[in-house]
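The structure appears right after this line, and notes come after that.
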Amino acid sequence: MKKMGVFQRNLILTLVISISVLVIAIVWINYIRTQENLEVEKEQTEKLIEENLLSVIESSDVSYSIIEQSLEGKMEAFTKILQEEYEKNPNVESWDLEAFKKRFDGFDIFLINDQFVVKYATREADMGLDLKEFGLKDLLQQRMDAGVFVTDRLEISGATKETNKFSYTPTPDKKYMIQIGATADQFSELIQSMDLENVTTDLKEKHKYVKDIGIYTIDIDGVPSYSMNKKDDKGEAALLPDSLMSKGKKAIQENKVGIVKDSKGESGTVYKLIPQIDLDSNEDNTYRQSRLLVLSYDGNYYNKRLQANNITSIVMVIGSIIVSVLLSIVIGRRVSRPIHEFSQVIDQTAKLNFTKNEHVDNLLTRKDDFGVLAEQYEEMLVSVRGAFEKVIDSSDQLLAMSSEFTASADETKIASVQISESVQEMAYETENQTQTVQHAVSDIGTITQEVDRLSEKISNVNELVQHTVSISTTGNARVQETEKSMEQINSYTRQSKETVIELHEKSSKIENFSDFITSIAAQTNLLALNAAIESARAGEAGKGFAVVADEVRKLAVESSSAANHIRQLISEIKQDISQTVDSMTDGYEAVKNGSALVNEAGEAFRSILLAVQSVSEQTTEATTISTEVENVMVNLLKSIEQISALYEKLASHSGEIAATTEEQTATVEEVAAAAKNLSDIAEDLKGEIGKFTV
């Protein structure tokens, strides 16, 4: 057996690792999914079992309710018979209770006196029993005072461990309490029809995850009592284990589900305590009509299933690894054979043997990728042989060309010397031109400075012109305002003149009225004199009229005096008004002349403003032109400086070219020597090519 190669080992190792990792990843994903599915199945199973049990409990409660209603109806009927008997014969000692028991289908009868002691009963063991010792005094007293028919709930007795039901009814005189009791013997057939033990057993058989189910009653104090579906070794109703009692009480009091895990051994039992509190009942019967559901689950059930699944997965992983190893070995061997053939082919190639051999023929017979690779290698050999034939021809040509190259190198050396002399002369001329350009740069810089100063002066003039324009504009505005004011003064003066003329005319009219009043006063005075004369003639009868005539005369004299005074004042006013008219006329003429002068001044200011604005525009244009000239000079200076820099670079490069030309001359000499060496190398190359087998 041939030794395994490195490639074969690496290929087998890669395949084994890849397949193993893939299988492990699949198994791990399967493990995670199985774990999740089992957890979901666990939750669904618990939920299903709990819902079934709650449904069973609800159904049993309904059945118990039906039984209780049936028993309650019978007890009430039996109680009425006994009450009727008591009304006929209050002496209960003479009653035949056994006869009544047979008549009442075996229901027990108890007669309790007002001291709550069982005086008479169909069960001799209960006679003389003091119920106060059981803490029932208050309850029985309430029922005695109520005086109505009352029944207890169907429940398991703590003394007899049997299911029973009792009713209580006081006699009309409340000397006795009639108690009727029904035991399981009276309703055993009905209870068997709803046997919870069979139901819970069926659930345990269907679901292996469930280890045990217990349904417990709750006493009046909220303590778990007897089981409704389990019995102890004595055949009596089983009690809740002590290990779960405290947790059960807590679950009932808080009305919350309690979880208890078994800490002993490795049983992995998980107890789930689910209280079903009857919140719809009255406070006294809340716990009597409630239940505690205790479920014990096998905590290792799903772990065992998960472990079994893990074992299967591990077996699959091991089997997959073994299969992958075997498969990798087979594949590795199939791959290693053509690789060995290629190794032999490469070995021949390393020996410069490019002819076709048996290893290539073996590979060409394959129909896989190695066969294709062999065909490509065969094509490569053909190409290499053709290439080497061309190389041989080229080496011969190279030998001939090297001789020609040597002659050309000598001619190039002579041309290089001539170029060096021309370049040195050009460098001298370039240096002279550079100095000329530098002088031009200096002159243009001076011109640029003068243009800059001129631009600054024009800018100052422009600022002064702009300030003058601003002042002229303000003066023109003030003149326009003055023109408007003079027009208003002219208008007001003309109106005042017209008003004074009207006042002079009205004063003349008032003077005429005053003359008229004076005339009336004179006539009134004459009339008063005539009246006085007539009253004197009348004697005593005309004295009163004489007094009136005298007063009229005085009034006429005063009116005449007042009219004269008014005429005098009017005359003075007319004189003043005449003077005012003359003054207003002179003022009006002066205002007209002032308005004309102001208009002329406005026209002058407007002419000045137009002239200043024209100067401002020309100054602004001059500033713009000077700025443009400055920019042109700056650009020209930059251009000349660039030309100067270019000439400097050209001069520098001319020197470099001269140096380079000298170096090139030396290089040409070296090339000539290299051409000779090339000829020698061509001879050697031809000898080496002869070693290849094509």
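Oh and the sequence shown: position 82 is 75 in my numbering, straight run, nothing missing.
We put the CB at the ideal spot given by N, CA and C, even for glycine.
N-terminal and C-terminal residue of the alpha helix (DSSP H) that residue i is part of
i, result
"Leu266", "Careful: Leu266 lies outside any alpha helix (DSSP H), inside the beta strand (DSSP E) at Thr262 to Gln269."
"Gln135", "Lys130 to Ala139"
"Arg284", "Segment Arg284 to Asp291 is the beta strand (DSSP E) holding Arg284; no alpha helix (DSSP H) there."
"Ile105", "Taken as a continuous stretch (DSSP letters only), Ile105 belongs to no alpha helix (DSSP H), being part of the beta strand (DSSP E) at Asp101 to Asn106."
Assigned secondary structure, residue i (DSSP; H/G/I helix, E/B strand, else coil)
i, result
"Gln473", "helix"
"Met689", "The chain is shown from -6 up to 687; residue 689 falls before or after that span and cannot be answered."
"Met120", "coil"
"Asn350", "coil"
"Lys567", "helix"
"Gly228", "coil"
"Val9", "helix"
"Gly258", "Note that Gly258 has pLDDT 42, beneath the 50 cutoff, so the model's placement of it is unreliable and the number below is only indicative. It is coil, neither helix nor strand."
"Val216", "coil"
"Lys249", "coil"
"Lys360", "coil"
"Phe109", "coil"
"Asn505", "helix"
"Asn222", "strand"
"Thr115", "coil"
Which listed residue (the options) has its alpha carbon closest to that of residue i
i, options, result
"Asn586", "Glu480, Thr38, Asn157 and Val9", "Glu480"
"Lys297", "Leu522, Ser13, Lys631 and Leu31", "Leu31"
"Glu247", "Ile267, Glu582 and Ala231", "Ile267"
"Gly99", "Val541, Lys631, Ile332 and Thr176", "Thr176"
"Ser48", "Val318, Val143, Thr193 and Glu565", "Thr193"
"Gln134", "Phe109, Phe142 and Thr210", "Phe109"
"Val141", "Lys73, Leu129, Asp579 and Tyr219", "Lys73"
"Ser512", "Asp107, Ala555 and Glu351", "Ala555"
"Ile208", "Lys254, Ser239 and Lys265", "Lys265"
"Ser236", "Val540, Ser600, Val263 and Leu104", "Val263"
"Lys502", "Lys40, Ala589 and Ile566", "Ile566"
"Glu61", "Ser552, Arg146, Asn302 and Arg446", "Arg146"
"Phe127", "Thr115, Val111, Asp138 and Ala139", "Val111"
"Lys242", "Ile213, Ile464, Glu582 and Gln76", "Ile213"
"Asn518", "Met170, Ile12, Ala542 and Gln300", "Ala542"
"Asn191", "Val33, Ile50, Arg446 and Thr348", "Ile50"
"Leu286", "Lys199, Lys95, Met238 and Arg530", "Met238"
"Ile311", "Leu15, Glu198 and Glu34", "Leu15"
"Ile245", "Arg96, Tyr161, Glu229 and Thr210", "Thr210"
Cβ neighbour criterion (16 or more within 10 Å) applied to residue i
i, result
"Met373", "exposed"
"Asn82", "exposed"
"Lys167", "exposed"
"Ile252", "exposed"
"Ile173", "buried"
"Leu233", "buried"
"Asn222", "buried"
"Gln269", "buried"
"Ile25", "exposed"
"Lys722", "Beyond the ends of the chain as shown, which are -6 and 687, falls residue 722; an answer cannot be given."
"Leu288", "buried"
"Arg471", "exposed"
"Ser321", "buried"
"Phe509", "exposed"
"Gly258", "Low per-residue confidence applies at Gly258: pLDDT is 42, beneath 50, and the placement is therefore not dependable enough to give any value."
"Ala525", "buried"
"Leu124", "buried"
"Ile570", "buried"
Limits of the beta strand (DSSP E) - the one that residue i falls within
i, result
"Gly207", "Val203 to Ile211"
"Phe97", "Here Phe97 belongs to no beta strand (DSSP E), and DSSP marks it neither H nor E."
"Phe142", "Phe142 -> no beta strand (DSSP E), and no H or E assigned at all."
"Thr162", "Thr156 to Pro163"
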